[in-house]
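Quick notes on the structure that follows.
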Amino acid sequence: KQWYQRRVRGGGVGGTEVVIDVTYEPASLGDSKGTLIVSSGAGGEYIFPLVGQCHHPKPQGPFTIRAGQSIPVQFKNTFPVPTTFLLSVDNPLFAVKQSELIRAKKTINIMVTYNGSPSGQSLPAQTGKLTITNPKNSAGQAVHWVFYLKGISEKH
Numbered sequence: 023k024q025w026y027q028r029r030v031r032g033g034g035v036g037g038t039e040v041v042i043d044v045t046y047e048p049a050s051l052g053d054s055k056g057t058l059i060v061s062s063g064a065g066g067e068y069i070f071p072l073v074g075q076c077h078h079p080k081p082q083g084p085f086t087i088r089a090g091q092s093i094p095v096q097f098k099n100t101f102p103v104p105t106t107f108l109l110s111v112d113n114p115l116f117a118v119k120q121s122e123l124i125r126a127k128k129t130i131n132i133m134v135t136y137n138g139s140p141s142g143q144s145l146p147a148q149t150g151k152l153t154i155t156n157p158k159n160s161a162g163q164a165v166h167w168v169f170y171l172k173g174i175s176e177k178h
């Protein structure tokens with residue numbers, strides 16, 4: 023289910039303007055369609071077509087991390103089932119666990135650590151990329167979320 027709405031009650035014999043919030047949380051890339059039907063005994067039935075588009079996630083960041091510290095990167099499992107996501111960083115000075123099982127529709131904090139210089143020396147700012155990938159779904163799609171990282175020494 024990709025479309026969500028709440029039951030809304032109108033009032034009054036002369037009619038009442040009502041706002042209906044509809045949320046689109048796609049579980050796959052591409053287009054999807056739905057229908058919102060609003061009806062009442064006095065006002066009749068209104069049918070609204072719903073059209074949603076899901077594109078690849080846009081990169082986020084940079085997230086700045088001081089040497090020897092960790093920061094949380096917030097991430098939501100948008101899928102309707104618990105999913106194991108693969109986590110990786112492209113610079114060995116940053117660290118993250120290899121995978122994370124996230125319950126359906128839940129948001130968690132993924133901790134990313136910047137180790138800094140192995141010798142303890144001050145380094146110029148270091149950059150990296152956290153990539154979170156889901157396994158391929160039934161349509162053969164794998165989605166990648168990218169978070170840019172910036173590691174700084176204590177002296178910056």
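Position 147 (the sequence shown) corresponds to 169 in the numbering used here; numbering is contiguous. All C-beta atoms, glycine included, are put in the ideal place defined by N, C-alpha and C.
Sequence-distant residues of the same chain with beta carbon closer than 7 Å to residue i, five excluded per side
i	result
Asp-112	Gly-150, Lys-151
Leu-86	Contrary to the premise, residue 86 reads as Thr rather than Leu in this sequence. Hits under 7 Å: Lys-172, Ile-174.
Between the CA atoms of residue j and residue i - distance to the nearest angstrom
i	j	result
Ile-174	Tyr-68	57 Å
Ser-110	Ser-61	49 Å
Gln-120	Asn-156	12 Å
Thr-129	Val-103	13 Å
Thr-100	Lys-127	5 Å
Tyr-46	Pro-146	42 Å
His-178	Val-44	Any reading at His-178 is ruled out, since the residue's pLDDT is 48, under 50, leaving its predicted position unreliable.
Val-41	Lys-80	30 Å
Val-95	Pro-114	18 Å
Glu-122	Gly-66	48 Å
Ile-154	Pro-84	15 Å
Best match in the options for proximity to residue i [C-alpha to C-alpha]
i	options	result
Ser-144	Leu-109, Arg-88, Ala-117	Arg-88
Ile-59	Gly-52, Leu-72, Leu-51, Pro-48	Leu-72
Gly-138	Glu-122, Leu-171, Glu-39, Pro-157	Leu-171
Ala-64	Asp-53, Ile-42, Thr-38	Thr-38
Ile-93	Ser-50, Ile-154, Gly-56, Val-118	Val-118
Cys-76	Leu-123, Ser-50, Tyr-136	Ser-50
As assigned by DSSP and simplified to three states, the class of residue i
i	result
Leu-115	coil
Thr-38	coil
Asp-53	strand
Ser-139	coil
Gly-65	coil
Asn-99	coil
Arg-88	strand
Glu-47	coil
Ser-144	coil
His-77	coil
Gln-82	strand
Pro-157	coil
Whether residue i touches residue j by CB criterion (9 Å)
i	j	result
Trp-167	Gln-82	yes
Gln-148	Phe-116	yes
Asn-131	Phe-107	no
His-78	Val-165	yes
Near the ligand SAH: residue i beta-carbon under 8 Å from a heavy atom
i	result
Ile-154	Inclusion of the ligand SAH in the displayed structure is not the case, the ligand content being empty and no account of it being possible.
Same chain, Cβ closer than 8 Å to residue i, five either side skipped, listed in chain order
i	result
Arg-125	Asn-99, Pro-104
Same chain, Cβ closer than 6 Å to residue i, five either side skipped, listed in chain order
i	result
Phe-70	Leu-58
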